[in-house]
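Counting from 145, one number per residue, gives the positions in the sequence shown under the working numbering.
Just below is one structure, and these are the notes that go with it.
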Amino acid sequence: MLVNSLVALALLSGWGSKQLESVTHGYLKLNCEDASCYGNLGVQRVGFALTLFHCILGALLIGVHDSRSKRAAIQNGWWGPKVIVWIALVIASFFIPTGFIMSYGNYTALMGAGIFILFGLILLVDFAHTWSETCIAKWEVSDTNKWQFILVGSTMIMYLGAIILTGIMYGFFSSSGCGLNIFFITFNLILAMVVTAVGIMPAVQEANPKSGLAQSSMVVIYCTYLILSAVANEPEGETNCNPLSKARGTRRTSMLMGAIFTFLAVAYSTSRAATQGGKATINNGDYAPLNSDSAVPLINSGPNSSSMRRSDALLAAVESGALPVSALDEDEDEDDDDTEYDARDDEKNGCQYNYTFFHLIFALAAMYIAMVLTNWNTFTKEEGQDGMVYIGQSWAAVWVKVASSWICYGIYAFSLLAPIAFPDRFMDY
Numbered sequence: 145m146l147v148n149s150l151v152a153l154a155l156l157s158g159w160g161s162k163q164l165e166s167v168t169h170g171y172l173k174l175n176c177e178d179a180s181c182y183g184n185l186g187v188q189r190v191g192f193a194l195t196l197f198h199c200i201l202g203a204l205l206i207g208v209h210d211s212r213s214k215r216a217a218i219q220n221g222w223w224g225p226k227v228i229v230w231i232a233l234v235i236a237s238f239f240i241p242t243g244f245i246m247s248y249g250n251y252t253a254l255m256g257a258g259i260f261i262l263f264g265l266i267l268l269v270d271f272a273h274t275w276s277e278t279c280i281a282k283w284e285v286s287d288t289n290k291w292q293f294i295l296v297g298s299t300m301i302m303y304l305g306a307i308i309l310t311g312i313m314y315g316f317f318s319s320s321g322c323g324l325n326i327f328f329i330t331f332n333l334i335l336a337m338v339v340t341a342v343g344i345m346p347a348v349q350e351a352n353p354k355s356g357l358a359q360s361s362m363v364v365i366y367c368t369y370l371i372l373s374a375v376a377n378e379p380e381g382e383t384n385c386n387p388l389s390k391a392r393g394t395r396r397t398s399m400l401m402g403a404i405f406t407f408l409a410v411a412y413s414t415s416r417a418a419t420q421g422g423k424a425t426i427n428n429g430d431y432a433p434l435n436s437d438s439a440v441p442l443i444n445s446g447p448n449s450s451s452m453r454r455s456d457a458l459l460a461a462v463e464s465g466a467l468p469v470s471a472l473d474e475d476e477d478e479d480d481d482d483t484e485y486d487a488r489d490d491e492k493n494g495c496q497y498n499y500t501f502f503h504l505i506f507a508l509a510a511m512y513i514a515m516v517l518t519n520w521n522t523f524t525k526e527e528g529q530d531g532m533v534y535i536g537q538s539w540a541a542v543w544v545k546v547a548s549s550w551i552c553y554g555i556y557a558f559s560l561l562a563p564i565a566f567p568d569r570f571m572d573y
């Protein structure tokens with residue numbers, strides 16, 4: 145995905161478009177009504193290739209439940225053929241009619257990116273809860289106060305960071321005539337105080353004793369960052385509400401930081417969402433319910449053989465909970481002549497994550513990256529420059545970030561209030 149994104153980023157510049165035309169001897173010219181959309185079309189083509197690549201892999205892996213399936217090799221191996229297929233899809237994407245690519249970017253990629261943002265926000269709230277609960281659990285079993293200092297210190301730092309970012313926004317982006325910016329900043333401050341207060345409400349604490357300021361601080365600083373990123377990337381207009389719009393060096397720094405943050409968020413979201421997706425069907429505990437279709441080794445000997453009796457005894461012990469499922473691996477490995485899997489295989493009795501869902505998340509991430517690089521289907525050319533496009537400089541990008549911030553607050557508030565409103569559904573929350 146990183147290589148695909150770098151290729152797409154190179155196509156945003158006039159240099160990338162010229163190199164593409166040169167390599168193809170002028171056959172591929174990304175022409176459209178406005179010549180400045182060269183880069184946008186190139187990015188969408190490369191993004192479409194990666195999306196199609198992951199959709200194909202996801203379709204091929206439907207129904208794979210353990211690593212002993214022949215199709216599991218598609219996920220865990222075949223790296224050379226997969227790279228070749230990806231390169232072939234990227235090349236083929238430049239022969240697809242422009243009208244199809246524009247429709248894909250305007251509708252399919254836009255919806256896919258929106259779904260990915262929703263996944264990312266849900267995972268952020270999940271991470272906030274997980275981080276706090278992990279620190280509390282380690283603190284309770286530790287003989288020192290190290291985890292207490294980590295939890296309290298990180299909470300204070302994040303709240304302090306949110307206050308500093310809010311002060312910067314009021315100081316630089318709320319001059320006279322910038323009512324929309326003032327609304328964004330003030331409304332974010334109000335929402336931050338609301339979710340902080342909700343997080344320490346007695347009713348919320350009773351429903352989830354581990355909730356508190358730690359989770360709220362992480363959500364608050366992230367949402368505040370989104371608002372700062374939104375107002376700092378407003379395009380230049382009649383009112384000078386964005387002092388960074390004309391500062392070329394600052395814009396480059398903002399673009400670089402935004403790109404780094406985007407790739408880190410994509411990497412975490414894809415890996416976390418994909419692996420969490422398998423939990424709906426896979427129990428990772430040592431005493432997981434036995435799947436007799438995949439976990440029971442094939443026995444070719446007679447019913448009275450000692451191997452059959454041993455396997456029956458192991459099977460009965462696992463089903464009763466006396467032994468973990470991994471005990472079946474030891475019995476099976478004794479008769480396994482396939483040296484390809486000599487290394488320990490932790491997916492013989494069930495995949496650790498859902499392979500198809502994994503590729504679905506990556507397909508959505510490819511759509512999201514394409515939308516970020518194309519400023520959500522808008523484009524800007526620097527006057528006097530060679531068509532270089534700056535990431536995020538559009539009103540579409542501004543509203544996406546603002547809406548994401550508000551939705552994130554809503555998801556976090558729901559995670560706090562849901563156990564109170566629906567106690568039967570959140571008994572183990």
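Each residue gets a CB set at the ideal place from its N, CA and C atoms; glycine is no exception.
Nothing here was measured: the structure is a model prediction, and the numbers come from that model.
Between residue i and residue j, how many whole angstroms is the CB-CB distance? I'm expecting something under 8 Å.
i	j	result
W230	F192	Actually they do not touch by this definition, with Cβ atoms about 12 Å apart.
S286	K354	Wrong, their Cβ atoms sit about 16 Å apart, outside the cutoff.
I564	A347	5 Å
L503	L205	The question names Leu, yet the displayed sequence has His at residue 503. That pair is a contact at about 7 Å.
F328	V375	6 Å
S548	L265	6 Å
N521	N250	6 Å
N220	S213	Contact flag wrong, Cβ pair sits at about 10 Å.
A306	A336	7 Å
Could you have a look at residue i and say whether DSSP puts it in helix, strand or coil?
i	result
G311	helix
C279	helix
F506	helix
Y556	helix
E284	helix
P346	helix
D270	helix
K226	helix
N577	Past the edges of the chain, shown from 145 to 573, lies residue 577, and the structure says nothing about it.
T518	coil
Y366	helix
C385	coil
L146	helix
Y499	helix
H198	helix
K214	coil
V151	helix
R189	helix
K354	coil
G221	coil
V338	helix
F293	helix
G207	coil
S247	helix
T316	Before going further, note that residue 316 is Phe rather than Thr in the sequence given. Correct three-state label for F316: helix.
L561	helix
S373	helix
F407	helix
S237	helix
S538	coil
F263	helix
M511	helix
F331	helix
Do you know whose CA, among the options, lies nearest residue i's CA?
i	options	result
I261	N519, L324, M511, H503	M511
I240	Q188, M255, Q219	Q188
L201	R212, W223, N332	W223
W539	A203, S320, T278, I371	I371
I505	W520, A411, V544	A411
E378	V190, L335, A541	A541
M345	S360, A257, L265, D210	S360
A562	E350, L150, G315	E350
N148	G311, A217, V190	V190
Y369	C199, A217, V546, S237	V546
F244	G186, S213, G356	G186
R215	Y499, I294, P567	Y499
F574	P567, I259, N184	The structure shown does not extend to residue 574, since the chain spans only 145 to 573, so no value can be given for it.
At least three beta-carbon pairs within less than 8 Å, the region 337-347 to the region 505-517:
Flag = no, the region 337-347 and the region 505-517 do not touch.
So, does the region 289-305 touch the region 349-367, judging by three or more C-beta pairs under 8 Å?
Contact check between the region 289-305 and the region 349-367: three or more CB pairs, one atom from each, fall below 8 Å, which counts as touching.
For the structure I just gave you, are there three or more beta carbon pairs, one from the region 264-276 and one from the region 553-571, closer than 8 Å?
Touching, yes, given that three or more Cβ pairs across the two stretches are closer than 8 Å.
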